[in-house]
Ligand SMILES: NC(=O)c1ccc[n+]([C@@H]2O[C@H](COP(=O)([O-])OP(=O)(O)OC[C@H]3O[C@@H](n4cnc5c(N)ncnc54)[C@H](OP(=O)(O)O)[C@@H]3O)[C@@H](O)[C@H]2O)c1
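Residue numbers (the numbering used here): 22 to 366.
1) Beta carbon of residue 239, beta carbon of residue 275: below 7 Å?
2) Measuring straight from C-alpha to C-alpha, what distance separates residue 141 and residue 177?
3) Would you tell me roughly how many angstroms separate the C-alpha atoms of residue 162 and residue 280, rounded to the nearest one?
4) How would you write the range of the alpha helix (DSSP H) that residue 355 sits in, first residue to last?
5) With C-beta atoms as the reference, is residue 307 less than 7 Å away from residue 227?
6) Contact between the region 128-145 and the region 181-195: three or more CB pairs below 8 Å?
7) When the Cα atoms are used, what is the spatial distance from residue 109 to residue 174?
8) Which value, in whole angstroms, describes the spacing of the CA atoms of residue 145 and residue 209?
9) Hey, how far is the Cα of residue 28 from the Cα of residue 68?
10) Should residue 358 go down as buried or exposed, given a rule of 16 or more other Cβ atoms within 10 Å for buried?
11) Compare the C-beta of residue 317 against all C-beta atoms of chain B and say whether one is closer than 7 Å.
12) Can you tell me the Cα-Cα spacing of residue 247 and residue 204, whole angstroms?
13) For ligand 1, I want to know if residue 279 counts as a neighbour, meaning its beta carbon is within less than 6 Å of at least one of the ligand's heavy atoms.
14) On the CB-based measure, 16 or more other CB atoms within 10 Å of its CB, does residue 214 come out buried or exposed?
15) Consider the C-beta atom of residue 349 and the heavy atoms of ligand 1; say whether any pair is separated by less than 6 Å.
16) Would the C-beta of residue 130 count as close to ligand 1, meaning under 6 Å from any of its heavy atoms?
17) Between residue 73 and residue 57, is the Cβ-Cβ spacing less than 7 Å?
18) Looking at the strands, I want to know which residues DSSP matches up with residue 195.
19) Using C-beta distances below 8 Å, list every residue in its chain close to residue 310, excluding the 5 sequence neighbours before and after it, in chain order.
20) Does the separation of the CB atoms of residue 32 and residue 41 fall below 7 Å?
21) Taking the runs of the beta strand (DSSP E) that are 3 residues or longer, which of them lie wholly in the region 92-131?
22) Just the C-alpha distance for residue 150 and residue 76, rounded to the nearest angstrom, thanks.
23) Quick one: residues in its chain with C-beta nearer than 6 Å to the C-beta of residue 96, no 5 flanking neighbours on either side, listed in chain order?
24) Can you tell me which of 35, 331, 101 puts its alpha carbon nearest to the alpha carbon of residue 253?
25) Quick one: using the 10 Å Cβ neighbour count with 16 as the cut-off for buried, is residue 105 buried or exposed?
Written as structure tokens, this is what we have:
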């Protein structure tokens with residue numbers, strides 16, 4: 022039987038590397054070929070001995086992306102939730118694959134629960150909880166919400182029948198990645214949102230939050246979210262009827278919820294503990310600080326609330342909780358002194 026071809030984008034990233042290592046350790050690895058689109062020649066060379074067909078290129082090489090997708094049975098996109106041109110190139114390639122094989126290929130895209138954002142500016146929590154099994158509720162999201170244009174492009178393509186689309190929406194992913202791909206200098210070890218708060222807080226010498234920090238976010242540990250990709254692949258492969266696609270193909274990655282005050286307070290305490298913080302009580306970032314540290318983005322002040330019922334229905338069993346998120350802040354803060362954003366001052 023011919024091996025099936027899996028294409029990865031973002032395989033050297035925080036999320037992507039964690040998924041790649043699980044695929045390389047998967048008991049069925051002998052039955053697949055793994056190709057990865059990689060930007061760095063050095064990382065591409067390091068991936069080849071691990072059995073990864075690393076192809077040098079980026080999202081700017083749309084013809085290459087389309088060609089690679091046209092040779093793939095499965096695409097797992099983990100580089101950029103918002104690059105619509107890249108998503109369209111992948112879809113064009115997958116359509117060609119369908120025309121040649123008669124089988125609708127699988128497209129697993131990484132979005133994010135930021136798509137659920139309101140405009141709270143840290144001043145309040147909201148009580149809408151989005152449920153990934155409720156397609157009607159998800160369709161109430163405006164097409165202008167962040168990530169939504171790409172998500173809709175996939176869902177519309179699925180309706181045409183030539184591709185089966187699955188959208189994984191990680192929430193606040195936390196935890197420092199360790200292991201082979203990090204040791205080899207291939208994988209980024211740090212996440213985005215919590216390290217951004219930590220790095221800004223270290224630079225101002227005080228734990229911070231947007232507004233009063235009353236807004237709520239879901240969270241998920243990096244090991245748990247990486248497991249969700251593999252659980253989904255296994256569920257598709259075994260034809261688990263719960264692994265639905267298209268408009269019924271949203272999978273939230275969450276296992277707990279936190280307020281941004283809790284993050285700011287944990288960072289403030291950790292800074293005090295190491296003698297670099299003014300007070301254990303977090304303070305609001307000023308607009309100037311939001312401009313300086315977060316490019317003016319209001320993102321850390323919004324609400325994003327959801328429940329990953331479909332993710333759990335396919336057998337996903339996340340184990341780490343909000344207590345683990347809060348416990349991860351001190352080690353992440355210690356690590357921040359090696360990060361570029363902190364070293365740059
Ligand atoms: N981390 C989270 O908490 C979280 C939560 C929700 C959603 N997400 C979304 O998930 C995606 C990945 O996040 P991450 O935390 O894994 O980020 P990351 O560590 O920065 O990884 C990004 C990956 O994409 C690659 N990449 C970036 N730009 C590219 C381009 N133009 N062409 C080709 N490859 C490119 C990077 O390659 P290099 O190695 O060359 O840099 C890296 O492999 C993002 O869209 C993010 O918004 C993340």
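Note that beta-carbon positions come from the ideal geometry of N, C-alpha and C, so glycine has one too.
The structure says:
1) Yes, the pair counts as a contact, with Cβ atoms nearer than the cut-off.
2) 30 Å
3) 22 Å
4) 350-357
5) no
6) yes
7) 8 Å
8) Whole-angstrom Cα-Cα distance: 33 Å.
9) 14 Å
10) exposed
11) Among the protein chains of the structure shown there is no chain B, as only one such chain exists.
12) Cα to Cα, residue 247 sits roughly 18 Å from residue 204.
13) no
14) buried
15) no
16) no
17) yes
18) 242
19) 221, 225, 229
20) yes
21) 95-98, 127-131
22) 40 Å
23) Counting only Cβ-Cβ distances below 6 Å, and skipping sequence neighbours, we find 28, 90, 111, 128.
24) Of the candidates 35, 331, 101, the one whose C-alpha sits nearest the C-alpha of residue 253 is 331.
25) exposed
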